[in-house]
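Enquirer: Here's a structure for you.
In my numbering, the protein residues as written are 13 to 272.
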């Protein structure tokens, strides 16, 4: 079991890798002997979990790892329930719809449906972005239990992703309080220049928020959009998804009142 755990730790370093990794770079990340890492990477390569560039000898995620990851979406009832609602959102407003979850100090985009106004940003499926710079991340952070939220805030590196990213904790906490009251998070150019987004919570049977449903749009269209209409479209889709997940009600939008 120890060997399996070690191999999994080696494989996990590719989650945050933006580029291919050399053996030495993997060694630095996992603090193991080079010979040990080389053997593990060779085994993972033979299993298709990583691939090695024949010219550079550097490693990247393999197609078998991708196929394994896709099984989460294929077998997830949440994903199956969300997909038609996300398609309706994209068709209704022309913008791309996203579904996100919280992973440690990052938000992970697990599904997306591109709309006609698609903009190539940093929100692609599989992208992991710092919580404080995204609308989805702020929604998920806002609905964490108080003690858990404060503990997570203590560990966050509020570094700027752009010049518009919130980097002060007191300001971030004020924004989170506003999100809990309004039910919607709005960002403009905080995660990537030229990118705007709205996100709302998805509640489950425990009245917790495991998912954030959002739309991403070019910031150039932000001023001309009817934001109230976009919010209501998100609220309606999230209400439907929340009820499917067992929530008793959805407290925002035309069908509900904000919780106290």
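Even glycine gets a Cβ: it sits at the ideal position worked out from N, Cα and C.
Rounded to whole angstroms, what's the CA-CA distance from residue 150 to residue 164? Just pull it up for me.
Expert: Their backbone Cα atoms lie some 12 Å apart in a straight line.
Enquirer: Are the beta-carbon atoms of residue 148 and residue 194 separated by less than 8 Å?
Expert: Cβ distance not < 8 Å, so residue 148 and residue 194 don't count as in contact.
Enquirer: Would you report the Cα separation of residue 161 and residue 81, rounded to the nearest angstrom?
Expert: Between residue 161 and residue 81, the C-alpha separation is close to 28 Å.
Enquirer: Can you give me the start and stop residues for the beta strand (DSSP E) that residue 197 sits inside?
Expert: Per DSSP, residue 197 belongs to the beta strand (DSSP E) from 197 to 200.
Enquirer: Looking at residue 127 and residue 106, is the spacing between their C-beta atoms short of 8 Å?
Expert: Against a cut-off of 8 Å, the Cβ pair of residue 127 and residue 106 comes out as a contact.
Enquirer: Is the segment 174 to 181 touching the segment 198 to 211 in the sense that three or more CB pairs, one from each, lie closer than 8 Å?
Expert: With the cut-off at 8 Å, the segment 198 to 211 and the segment 174 to 181 touch.
Enquirer: Which parts of the segment 95 to 144 are runs of the beta strand (DSSP E), unbroken and 3 residues or longer, counting only runs that do not cross its ends?
Expert: If we require 3 residues or more, the beta strand (DSSP E) runs fully inside the segment 95 to 144 come out as 108 to 115, 118 to 125, 140 to 142.
Enquirer: Just how far apart, CA to CA, sit residue 257 and residue 251?
Expert: Cα to Cα, residue 257 sits roughly 10 Å from residue 251.
Enquirer: Could you give the first and the last residue of the continuous beta strand (DSSP E) run that contains residue 228?
Expert: Counting along the chain, the beta strand (DSSP E) containing residue 228 begins and ends at 223 to 230.
Enquirer: Contact defined as beta carbons within less than 8 Å: I believe residue 61 pairs with residue 16. What is the distance between those atoms, to the nearest angstrom?
Expert: 13 Å between Cβ atoms; not a contact.
Enquirer: So, residue 265 versus residue 110, is the Cβ gap smaller than 8 Å?
Expert: No. Outside cutoff.
Enquirer: With a cut-off of 8 Å, do at least 3 Cβ pairs link the segment 225 to 240 to the segment 208 to 215?
Expert: The segment 225 to 240 is in contact with the segment 208 to 215.
Enquirer: Leaving out five residues on either side along the sequence, give the residues of the same chain with a beta carbon under 6 Å from the beta carbon of residue 146.
Expert: Answer for residue 146: 119, 203, listed in chain order.
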